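Residue numbers (this note's numbering), protein chains in the order written: chain A, 31 to 388; chain B, 53 to 383.
This is the structure:
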């Protein structure tokens, strides 16, 4: 009903190639943005911000980053947690070393530093492929976490080995530290998500994105038709790490405020983001959002049903959650390898022709 | 001989012992990878799960007791009997065979022909699933594994070697359990090699590893072989789980230790059983020596990452691993 295309003709190449080719999608996009920017900040509560919205936004950035690497360029990485830690610690060092510089600039710079680290760890991808590479990225995961745990310079020689974000303001409003209001941290994350998503979308449909996808589909063939694998793979690693670094910086500075690296950025974090990408959809920006939303909401919903409604013990619900996540991963890989994004597309296709599918 | 030198040798010996345990886990990976091209991320969790099951059966725990109690408001925990170790091991093997069959029937049958990386990610999902099921079935507390395996340092070796290095040297400290593990691992390898060389099913397994289509055409059932291979991997996982579990208790970190088998594999090559063993030994010795020589300078705990970085550096020069088959790619 809503997805009528009659009268929605494209008269230029540009119009045909736009992100949302259907008029309804374009309106919906603006409506979603308007609600996110103009309605939610006024109604948001601490619980909603901390339990769902802020982690959802932050994980979305991480998922977009990993999706660029795994979904578009085909290089599966298990080092996401390590790269997020790079972002977080860079942000911490910058915040404490240059207190007067704007915090948002620090977050972007953390992304930049993470991009360099990511590109360095991406170098082996030129020699090794597939799960060899996936295992090789585990080296990044374990080495980086160890580094931030053991070298006191990174946590400013604090006794506990933790890092905690000092209070920083933007336009006179606290965005990090304990006095941050829910809407402020939400809006900071939202701005970053919006910008990252737009950048990612435009990168992936441009020449760079096409190079990534050709490397993903068959790297030797891509090389033969003139794609430079060095440039394509390293740029994928760098740009993906840039996003992941930003999400790590936000995760530390805006969301948690204080972290211990082994706990916050362990191997489980890498797997969680990978799951978001798989469930959401490999090679889809929308999928990154869908996967992040799904895996952020799942524990909350399970807790609501299991602990609050049925009165089960928390550890039991946590175990059930593992089973459920594992099951969903396998289910999606079997039934719908392209994830929630593909499901959404199928529904859209159906709606476009409904009620006369033939 | 100076004491420092002898301590170095002790570190190497202990590294070899640790390497044997890594190789044990790595063997399970190689078996499955050779036969089905699946890189089984869940191997570590399988070791954890089998060890949990073994403990649970031995102590007569009621499976899913926690869940049942939560749903029905009962409070059952144990059947009230204990099962002798041998019987419990046989039952656990039975559980692993059923697990292998279910994995084949419900998961990989539906993923035939998918790219390797999809299969890999499916096994990550499987790892999560199995971990959750293990916790649900047997509870997540740390359990002690009482199989009567010898524990502690071997006094005989310590006394025998204490005279070697003068007054500063007290003899080699070698854990008895490590010695047992080494013997078990050697036996296991001999058993596996004998199985794959001299039995009908072992030959069929090698045929499948060589070429799926050709194996199918001479009448080998791929399904059966895959169940067989997963069962074997489950058995290897049980042995590894028992050894690790006896050493440090059966707990979640078992599955993380097993992740160490991945760099072992990369070093040795995914397709080679001798490679898994050699790789295990190199990693075991390498990380212990590195920790002994360099660790104190950089703050210790280098064992967390050394294996991965070593494998990474190594792969840059030899992508197929030490003894793996050369990777040839065609368009």
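Just so you know, even glycine gets a beta-carbon here, dropped at the ideal spot from N, CA and C. As the structure is a prediction and not an experimental result, all values here were calculated from the model.
query	result
Between residue 137 of chain A and residue 276 of chain A, how many whole angstroms is the CB-CB distance? I'm expecting something under 8 Å.	6 Å
Taking beta-carbon pairs under 7 Å, can you tell me which members of the stretch 71-94 of chain A lie near chain C?	The question asks about chain C, but that chain is absent: this structure's protein chains are A and B.
Excluding five sequence neighbours on each side, which residues of the same chain lie with their C-beta closer than 8 Å to the C-beta of residue 235 of chain A?	47, 49
Taking just the CA atoms, how far does residue 160 of chain A sit from residue 247 of chain A?	12 Å
Measuring only between beta-carbons, confirm whether residue 282 of chain B sits less than 7 Å from chain A.	no
For the stretch 95-125 of chain B, which residues have a CB atom closer than 7 Å to at least one CB atom of chain A, in sequence order?	118, 119, 122
Any C-beta of chain A sitting closer than 7 Å to the C-beta of residue 371 of chain B?	yes
Tell me the DSSP secondary structure of residue 379 of chain A in three-state form.	helix
Determine, using beta carbons only, whether residue 83 of chain B comes closer than 7 Å to chain A.	no
So, for residue 339 of chain B: in the same chain, excluding its five sequence neighbours on each side, which residues have a beta-carbon less than 6 Å away from its beta-carbon?	355, 358, 359
By the DSSP assignment, the alpha helix (DSSP H) with residue 116 of chain A in it spans what residues?	110-127
Could you compute how far the alpha carbon of residue 386 of chain A sits from the alpha carbon of residue 380 of chain A?	9 Å
Quick one: grab the DSSP three-state call for residue 265 of chain A.	helix
Starting from residue 118 of chain B, trace the alpha helix (DSSP H) in both directions and tell me its first and last residue.	117-124
In three-state terms, what does DSSP make of residue 129 of chain B?	coil
On the three-state DSSP scale, how would you describe residue 40 of chain A?	coil
Report the rounded CA-to-CA distance for residue 316 of chain B versus residue 105 of chain B, giving the unit in angstroms.	26 Å
Please confirm whether residue 183 of chain B has its beta-carbon closer than 7 Å to some beta-carbon of chain A.	yes
Taking the alpha helix (DSSP H) that residue 292 of chain A belongs to, which residues open and close that run?	291-294
When burial is assigned at 16 or more other CB atoms within 10 Å of the CB, is residue 154 of chain B buried or exposed?	exposed
Who are the neighbours of residue 68 of chain B on chain A, taking C-beta pairs under 7 Å?	Here the premise fails: no neighbours, minimum Cβ distance about 22 Å.
Against chain B, with Cβ distances strictly below 7 Å, would residue 198 of chain A count as a contact?	no
Quick one: which chain A residues come within Cβ less than 9 Å of residue 177 of chain B?	305, 308, 355, 356, 357, 358, 359, 360, 361, 362, 363
Is there a Cβ from chain A that is less than 7 Å from the Cβ of residue 174 of chain B?	yes
May I ask you to report which of helix, strand or coil DSSP gives residue 193 of chain A?	strand
Going by beta carbon distance, what residues of the same chain come within less than 8 Å of residue 272 of chain A, once the five residues before and after it are set aside?	95, 141, 142, 144, 145, 148
Using a Cβ-Cβ cut-off of 7 Å (strictly less than) and excluding sequence neighbours within five positions of residue 141 of chain B, which residues of its own chain qualify?	106
When the Cα atoms are used, what is the spatial distance from residue 228 of chain A to residue 320 of chain A?	16 Å
Is it buried or exposed, residue 66 of chain B, if we count other Cβ atoms within 10 angstroms and call 16 or more buried?	buried
What residue from A/298, A/368, A/265 has the CA that sits closest to residue 155 of chain A's CA?	A/265
Cβ of residue 87 of chain A within 7 Å of Cβ of residue 223 of chain A?	yes
Do you know whose CA, among A/342, A/168, A/158, lies nearest residue 109 of chain A's CA?	A/168
Going by beta-carbon coordinates alone, are residue 283 of chain B and residue 149 of chain B separated by less than 7 Å?	yes
According to DSSP, is residue 363 of chain B helix, strand or coil?	helix
Looking at the C-beta of residue 368 of chain B, does it have a partner C-beta in chain A at a distance below 7 Å?	yes
Going by the C-beta, is residue 196 of chain A closer than 6 Å to any heavy atom of the ligand ADP?	You won't find the ligand ADP in this model; it holds no ligand whatsoever.
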